[in-house]
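Residue numbers (our numbering): 4 to 495.
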Amino acid sequence: MSALTQETIELLQRAGITTGTGLTSYDLQTPAVELVPVVTPLRNWIPRAKGVGDTATHWKAVTGINTGNLTPGVAEGNRNAYNTTGVSAQSASYKALGFDDVMTWEAQYAAFKFTDLPADTQRRLLLSLMISEEQVLFGGQGTWGLGQTPTPTVGTTTTTGALPTGTAYVVYCVALTLEGLSLAGGFSTIGSTAATVIGPLQQTVSRTGAGSSSSDTVNGGTAIPSASGTATTGGGGAANTITASIVPVAGAAGYAWYMGTNSGTARLAAITALATTTILIAPTASQLFSALATTDYSQNSTEFDGLTALLAKSGSGSLIQAGTGAAITSDGAGGIAEMNTFFSNMYKTWKTGPTDAWCSSNMAVTIDKLIVGNSGAPIFLATADGTSGPKSGSNNFRRPGRVSTILNKANNSEVDLHVHPNCPDGMIMFTSSRVPFPSFGRGNPVEVHFQRDYHAIDWLPTRRAYEYGIYTNETLALYAPGVFGLMHNYSY
4 MSALTQETIE LLQRAGITTG TGLTSYDLQT PAVELVPVVT PLRNWIPRAK
54 GVGDTATHWK AVTGINTGNL TPGVAEGNRN AYNTTGVSAQ SASYKALGFD
104 DVMTWEAQYA AFKFTDLPAD TQRRLLLSLM ISEEQVLFGG QGTWGLGQTP
154 TPTVGTTTTT GALPTGTAYV VYCVALTLEG LSLAGGFSTI GSTAATVIGP
204 LQQTVSRTGA GSSSSDTVNG GTAIPSASGT ATTGGGGAAN TITASIVPVA
254 GAAGYAWYMG TNSGTARLAA ITALATTTIL IAPTASQLFS ALATTDYSQN
304 STEFDGLTAL LAKSGSGSLI QAGTGAAITS DGAGGIAEMN TFFSNMYKTW
354 KTGPTDAWCS SNMAVTIDKL IVGNSGAPIF LATADGTSGP KSGSNNFRRP
404 GRVSTILNKA NNSEVDLHVH PNCPDGMIMF TSSRVPFPSF GRGNPVEVHF
454 QRDYHAIDWL PTRRAYEYGI YTNETLALYA PGVFGLMHNY SY
């Protein structure tokens with residue numbers, strides 16, 4: 004080793020010890036901070052009941068009494084005709100929902116005194132399952148498909164767009180389930196630049212099972228693509244726009260739109276909540292329509308039907324009200340006009356109404372604005388100031404808080420308004436927390452039935468790692484579909 008120079012020695016004598024020397028501890032707070040939202044209102048609200056074996060739960064529903072509409076009057080000494088009763092046999096198959104994870108032994112050793120890694124791993128699996136279970140409870144599509152998407156009606160305008168004049172375009176549409184919408188990345192549009200990439204749709208999803216070579220290929224929540232709608236842009240410069248709409252599909256959570264000059268060049272241009280779209284610019288980089296198979300991939304048989312699928316299913320008895328794509332409106336009397344129509348129609352059929360309404364946060368903000376704005380006659384709360392003296396009893400006026408209930412004017416009841424994390428922007432789902440008429444033997448209008456509720460599995464180690472699974476075997480049983488319903492294809 005060479006001798007230190009006098010200059011180096013003097014520098015070391017002046018330096019001393021600072022934080023830069025590196026002799027500091029590491030202030031790591033334990034355990035890791037979890038910042039993942041777990042919002043599961045339906046899972047928290049719907050009662051859970053244990054099944055008694057079998058591969059499905061079954062029930063009989065009395066759907067009508069005096070279905071022959073007999074009048075009650077009888078002549079002296081006579082008897083009336085025999086009454087008739089409507090009975091419907093129902094069933095819902097159990098499905099396994101769950102997730103797996105792995106933790107190496109070295110990971111557990113390294114986490115010593117920082118966190119309980121085995122407990123953390125299993126807790127996060129449970130939270131992941133609850134979040135995904137909530138999506139299935141709301142919009143699972145297990146037993147029936149959406150079928151073929153209706154053919155778009157296509158038009159053109161000569162404002163705001165950037166499409167060339169005198170060009171013929173074809174437009175296709177694909178209806179999406181909630182799962183299909185999620186797999187495609189949610190609502191999106193190509194915006195103002197043709198280079199933007201959105202989607203793509205995933206018609207099927209394949210995965211290899213943890214700890215084995217088994218695999219599942221499941222449908223990705225896409226309906227059969229529509230036939231093409233066509234239109235040719237006109238004159239008026241280069242500000243051309245394509246507009247397209249279809250008849251809304253009950254049970255759909257969104258719609259994917261493809262546009263091009265022919266079927267081979269058509270690409271994904273927008274994914275919307277409504278059965279209508281406006282396309283300003285031709286997509287050039289998104290998924291090609293020709294990449295899609297003409298097959299119904301909207302039914303995922305590994306899951307059970309969620310509420311929207313049960314309500315939209317043909318013959319369910321639930322009220323389905325489709326909008327034109329226009330925005331909901333104030334009735335000018337502290338309510339929503341379109342909801343008034345829904346409540347009135349439900350009352351005409353079932354002589355009752357829902358207790359709860361579920362919508363997206365965007366829709367909730369609009370409902371609040373419309374009710375408080377009240378068509379130019381704003382609603383305020385009047386409160387006494389509580390003071391004594393000459394001004395005692397005077398009123399103060401203030402804006403009310405967020406609208407949390409909506410008046411059902413058909414039967415003069417309050418409907419609680421909730422924001423649901425999985426509800427599409429164009430939809431409002433109505434449910435009931437009770438059976439509002441005599442119900443012998445069944446008090447809950449809907450239940451989660453399970454063969455085995457949430458359970459943790461410690462898989463047998465086959466390597467130097469611990470493997471965990473959290474599963475539930477369950478299904479959703481809707482006993483009173485008449486007090487549930489959907490409004491869909493409404494803008495906000």
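Quick reminder that beta carbons are idealized off the backbone N, C-alpha and C, glycines included.
Note that the coordinates shown come from a computational prediction; the quantities given were computed from them, not determined experimentally.
| request: Determine, using beta carbons only, whether Gly309 and Phe141 come nearer to each other than 7 Å. | output: In the sequence shown, counting from the first residue as 1, residue 309 sits at position 306. In the sequence shown, counting from the first residue as 1, residue 141 sits at position 138. Yes; because the gap between Cβ atoms is below 7 Å, this pair is in contact.
Item to check | Same chain, Cβ closer than 6 Å to Thr358, five either side skipped, listed in chain order | outcome: Your numbering for residue 358 matches position 355 in the sequence shown. Excluding sequence neighbours, Thr358 sits near Ser435, Ser436.
Express the C-alpha separation of Val368 and Lys351 in angstroms, rounding to a whole number. What you label residue 351 is simply residue 348 of the sequence shown in a count that begins at 1. What you label residue 368 is simply residue 365 of the sequence shown in a count that begins at 1. Going by the C-alpha atoms only, they are around 29 Å apart.
| field | Separation of Asp299 from Thr264, as counted between CA atoms | value | For the purposes of this step, residue 264 is taken as residue 261 along the sequence shown, with counting starting at 1. For the purposes of this step, residue 299 is taken as residue 296 along the sequence shown, with counting starting at 1. Looking at the two C-alpha atoms, the distance is approximately 25 Å.
Between the beta-carbon of Ser378 and the beta-carbon of Ser333, is there less than 7 Å? If you number the sequence shown from 1, residue 378 lands on position 375. If you number the sequence shown from 1, residue 333 lands on position 330. Yes, these two residues count as a Cβ contact at 7 Å.
Subject >> Sheet register partners of Arg127 (DSSP bridge) >> reply: Taking the sequence shown and counting its residues from 1, one reaches residue 127 at position 124. DSSP lists no partner for Arg127.
Note to self: With three or more beta-carbon pairs closer than 8 Å as the criterion, would you say the stretch 118-126 touches the stretch 219-234?
What the structure shows: no
_the stretch 145-159 in contact with the stretch 101-115 per 3-pair CB rule at 8 Å_ = no
query = Around the C-beta of Val449, are 16 or more other C-beta atoms found within 10 angstroms, so that it is buried, or is it exposed?
reply = Mapped onto the sequence shown, residue 449 falls at position 446. By the 10 Å Cβ count, Val449 comes out buried.
| With C-beta atoms as the reference, is Val451 less than 7 Å away from Leu481? | Within the sequence shown, numbered from 1, the residue matching residue 451 stands at position 448. Within the sequence shown, numbered from 1, the residue matching residue 481 stands at position 478. For Val451 and Leu481, no; Cβs fall outside 7 Å.
Measure the beta-carbon distance from Leu314 to Gly488 and round it to whole angstroms, keeping in mind my assumption that it falls under 8 Å.
Here residue 314 refers to the residue found at position 311 of the sequence shown. Here residue 488 refers to the residue found at position 485 of the sequence shown. About 6 Å separates the two Cβ atoms, so the contact holds.
- Per-residue burial, Leu420 [other beta carbons within 10 Å of its own, 16 or more giving buried]: Translated into positions along the sequence shown, residue 420 becomes position 417. Looking at its Cβ environment, which holds 16 or more other Cβ atoms inside 10 Å, Leu420 is buried.
**Through-space distance from Asn348 to Gly89, alpha-carbon basis** = For the purposes of this step, residue 89 is taken as the residue at position 86 of the sequence shown. For the purposes of this step, residue 348 is taken as the residue at position 345 of the sequence shown. Straight-line Cα distance between these residues: approximately 21 Å.
**Request:** Would you decide whether Asn415 is buried or exposed? Buried here means 16 or more other CB atoms lie within 10 Å of its CB.
**Result:** On the sequence shown, residue 415 is found 412 positions in, with the first residue counted as 1. So Asn415 counts as exposed.
Starting from the C-beta of Ala330, find all residues in its chain whose C-beta is less than 6 Å away, skip the five residues before and the five after it, and write them out in chain order. Translated into positions along the sequence shown, residue 330 becomes position 327. Answer for Ala330: Ser494, listed in chain order.
Looking at the secondary structure, which residues open and close the beta strand (DSSP E) in which Trp260 lies?
Your numbering for residue 260 matches position 257 in the sequence shown. Its beta strand (DSSP E) spans residues 257-263.
Quiz prompt | Coarse secondary structure for Lys316, derived from DSSP in three states | solution = In the sequence shown, counting from the first residue as 1, residue 316 sits at position 313. Note: Lys316 maps to coil in three-state DSSP.
Beta-carbon separation (whole angstroms), Thr244 vs Thr170, contact threshold 8 Å: Sequence index remark: in the sequence shown, residue 244 carries index 241 (1-based). Sequence index remark: in the sequence shown, residue 170 carries index 167 (1-based). Thr244 to Thr170, Cβ: 12 Å. No contact.
Inter-residue CB distance, Ile374 and Gly337 (contact presumed, cutoff 8 Å):
For the purposes of this step, residue 374 is taken as residue 371 along the sequence shown, with counting starting at 1. For the purposes of this step, residue 337 is taken as residue 334 along the sequence shown, with counting starting at 1. So it is a contact: roughly 6 Å between Cβ atoms.
Is the beta carbon of Ala287 sitting closer than 7 Å to the one on Thr236?
Working through the sequence shown from its first residue, we reach residue 287 at position 284. Working through the sequence shown from its first residue, we reach residue 236 at position 233. This sequence places Thr at residue 287; Ala is not what is there. The answer is no: Cβ separation not under 7 Å.
Alpha carbon of Ser304 to alpha carbon of His491, nearest angstrom = Mapped onto the sequence shown, residue 304 falls at position 301. Mapped onto the sequence shown, residue 491 falls at position 488. Cα-Cα distance, rounded: 24 Å.
Return the chain-ordered list of same chain residues with a C-beta closer than 7 Å to the C-beta of Pro439, the five sequence neighbours on each side being excluded.
Numbered from its first residue, the sequence shown carries residue 439 at position 436. Taken in chain order, the residues that qualify are Thr355, Val486.
If you drop the 5 nearest sequence neighbours on each side, which residues of the same chain put their C-beta closer than 7 Å to that of Asn365? Residue mapping note: residue 365 aligns to position 362 of the sequence shown, counting from 1. So the qualifying residues of the chain are Asp428, Tyr495.
- request: Given a cut-off of 7 Å, decide if Ala294 and Val177 are closer than it, judged by their beta-carbon atoms.
  value: Counting from one through the sequence shown, the residue named residue 177 turns up at place 174. Counting from one through the sequence shown, the residue named residue 294 turns up at place 291. Not closer than 7 Å, so no.
Practice task
Can you tell me which of Thr168, Thr344, Leu38, Tyr471 puts its alpha carbon nearest to the alpha carbon of Ala242?
Solution key: Your numbering for residue 242 matches position 239 in the sequence shown. The residue with the shortest Cα to Cα distance from Ala242 is Thr168.
Check: Rounded to a whole number of angstroms, what is the C-alpha to C-alpha distance between Ile20 and Gln9?
Finding: Working through the sequence shown from its first residue, we reach residue 20 at position 17. Working through the sequence shown from its first residue, we reach residue 9 at position 6. If you take the alpha carbons of Ile20 and Gln9, they lie about 20 Å apart.
- Indicate the three-state DSSP secondary structure (helix, strand or coil) for Ser391 in the structure shown. Translated into the one-based positions of the sequence shown, residue 391 becomes position 388. Legend: pLDDT at Ser391 = 49, less than 50; position of this residue unreliable, value from coordinates given subsequently. Coil, per DSSP.
- Message: Pull the bridge partners of Thr369 from the DSSP assignment, please.
- Response: For the purposes of this step, residue 369 is identified with residue 366 of the sequence shown, where counting begins at 1. Per DSSP, none; premise fails for Thr369.
Inset, instruction - State buried or exposed for Thr475, treating a residue as buried only when at least 16 other CB atoms are found within 10 Å of its CB. - result: Within the sequence shown, residue 475 is the residue found at index 472, counting from 1. Counting Cβ neighbours within 10 Å, Thr475 comes out buried, since at least 16 surround it.
**Item:** Residues that His491 bridges to, as DSSP identifies them
**Value:** Position 488 of the sequence shown, counted from the first residue, corresponds to residue 491. According to DSSP, His491 bridges with Ala325, Met430.
Note to self: Among the candidates Leu184, Asp104, Ser266, whose CA atom is the shortest distance from the CA of Val173?
What the structure shows: For the purposes of this step, residue 173 is taken as the residue at position 170 of the sequence shown. The shortest Cα separation from Val173 among Leu184, Asp104, Ser266 belongs to Ser266.
Task: Closest by C-alpha distance to Leu204, when choosing among Glu306, Gly328, Gln290 - done: For the purposes of this step, residue 204 is identified with residue 201 of the sequence shown, where counting begins at 1. The option with the nearest alpha carbon to Leu204 is Gln290.
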